[in-house]
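Worksheet: one structure, shown below.
Residue numbers (this note's numbering): 7 to 154.
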């Protein structure tokens, strides 16, 4: 079952169960997916849908930190509930060893020799880790490996 079909099934289940909070989050997700499809005039595959979900998860995390800093626990709790629902659709996170092996393989395949080749390595690594690891941390690891 594709990720999009699973999300649609979960939306129907939430409607039947009258789970309004979960339903609202799933509808937001479906709207974001549909918007991306309309904008790019393509049918999104699971990897592209994961990228949309990853973007929404990042937005929720940022909002939670902003609301907590602004002393708005009510809004932070709402964002946290949405974050939990969205994380159900994220792929299994990669382990540290898996990330290291992906980076090492990308460095070997691109023939990267120094910091000037970082873009090539990031380009090779990103499709394999999107939605499964924090790209900021992965980029920092790549930079450290290429520098050292």
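No residue lacks a Cβ here, since even glycine has one placed at the ideal position from N, Cα and C.
Query                                                                                                                                                                               : Result
Hey, residue 113 and residue 135 are a contact pair by Cβ (cut 8 Å); roughly how many whole angstroms apart?                                                                        : That belief does not hold up - the Cβ atoms of residue 113 and residue 135 are roughly 14 Å apart, past 8 Å.
Assuming contact is defined by CB atoms lying nearer than 8 Å, are residue 86 and residue 70 in contact in what I supplied?                                                         : yes
In terms of residues, what are the limits of the alpha helix (DSSP H) holding residue 21?                                                                                           : 9-23
Here's a check: name, in chain order, each residue in its chain whose Cβ is nearer than 7 Å to the Cβ of residue 145, leaving out the five neighbours to either side.               : 128
Is residue 142 buried or exposed, if buried means 16 or more other CB atoms sit within 10 Å of its CB?                                                                              : exposed
Give me, in chain order, the residues of the same chain whose beta-carbon lies closer than 6 Å to that of residue 130; leave out the 5 immediate sequence neighbours on both sides. : 112 and 116
Could you tell me which of 99, 55, 22 and 8 sits nearest to residue 43, measuring between CA atoms?                                                                                 : 55
By how many angstroms is the C-alpha of residue 133 removed from the C-alpha of residue 118?                                                                                        : 18 Å
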